[in-house]
Structure formats: structure tokens, C-alpha cells
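For the sequence shown, the residue numbers in this note's numbering are 1294 to 1410.
Where is the CB? At the ideal position from N, CA and C, for every residue including glycine.
All values reported here derive from a predicted model rather than from experimental measurement.
Each remark here refers to the structure printed beneath this line.
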Amino acid sequence: MLQEQDFIIAGYVESESCAFFALILALTEEDPLRYAGWVETALSTPAWLPLKQKFEPLARKTSPFPHQLPQVIRRLAHWIEPRLVARVAFVAFTVDGLVQQPTYRGIREIHAEYKST
1294 MLQEQDFIIA GYVESESCAF FALILALTEE DPLRYAGWVE TALSTPAWLP
1344 LKQKFEPLAR KTSPFPHQLP QVIRRLAHWI EPRLVARVAF VAFTVDGLVQ
1394 QPTYRGIREI HAEYKST
């Protein structure tokens, strides 16, 4: 059975061919942010572009996470200020606290509760 939850968007991954788009997810159960995995958006390029335009003014050079992330994420990530929220359906959390079999459901505008430093 799927559960749904809101996750802060900490960044995104975009393939060079623009055939793959994924959001990097975070939780604020603790401070600082906790990495919760990533979710493919399954959006076409025309549908992805307006979302990417929302990310551009939020761009930052460094990860908002204080701990080490998987190498593939570190290498490909475009980081943003953690202000947007994605609704994600998923089966469960893994023992490492990552979303298992996530499905992108949509985005909400601003996450006002979290202020990054």
C-alpha cells in the first residue's frame, strides 16, 4: 500500500539529453535537513521546463545537506534553496531512511518553515 508525504526539494538531476529528470528529496524531521532519496518526475521536456524555471532563482552552489551523499548525486546535482515541496507517493522507507519506489505526485510552492543557513 502506498503512502504519500511532502518532501522538501533540495535539488534536481537533469540528464544531458534532457530525457531524465529527478528531484532530490529532504526531510526536516531533524535540523539540519536529512537526505531522503530522489524521485524521477516522469515529465516530458516541455512539462519539465516550467518547473526548472522555478528552480533557477533558488540556485545555490553547495549542498544543503551537512553529510556525505551518494557520489552520483554529488556529481550530477543542481542544488537549490530548500523552499519548494514535492508530494511523493512511496511504498516505505528503507532502513537507511530513503524512500522506496517513489512516485512524483506534484509540487507546492513555498515551504515557509525551513530556513537554510
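At least 8 Å separates the beta-carbon of SER1356 from that of TRP1331.
Taking each of LEU1295, VAL1378 and ALA1382 in turn and checking the Cα distance to ARG1398, the smallest one comes out for ALA1382.
Just so you know, the alpha carbons of TRP1341 and VAL1388 end up roughly 31 Å apart. Residue range 1378-1383 is occupied by the beta strand (DSSP E) that includes VAL1381. For ALA1340, the enclosing alpha helix (DSSP H) has its first and last residue at 1338-1348. Measuring C-alpha to C-alpha distances from LEU1326 to each of GLN1361, SER1308, VAL1365 and LEU1344 identifies GLN1361 as the nearest.
If you look at ILE1317, you'll find it in the beta strand (DSSP E) that goes 1314-1320. Taking the Cα of LYS1347 as reference, the smallest distance to any Cα among THR1396, GLU1297 and TYR1305 is reached at TYR1305.
Each of GLU1333, ALA1352, ALA1379 and PHE1358 was checked against the Cα of GLN1394, and the nearest Cα belongs to GLU1333. In the structure shown, GLN1364 falls within a helical segment according to DSSP collapsed to helix, strand and coil.
In terms of CA proximity to PRO1339, PHE1314 leads the group PHE1358, PRO1375, PHE1314 and ARG1376. Secondary structure note for PHE1358: it is in no beta strand (DSSP E), with a DSSP letter that is neither H nor E.
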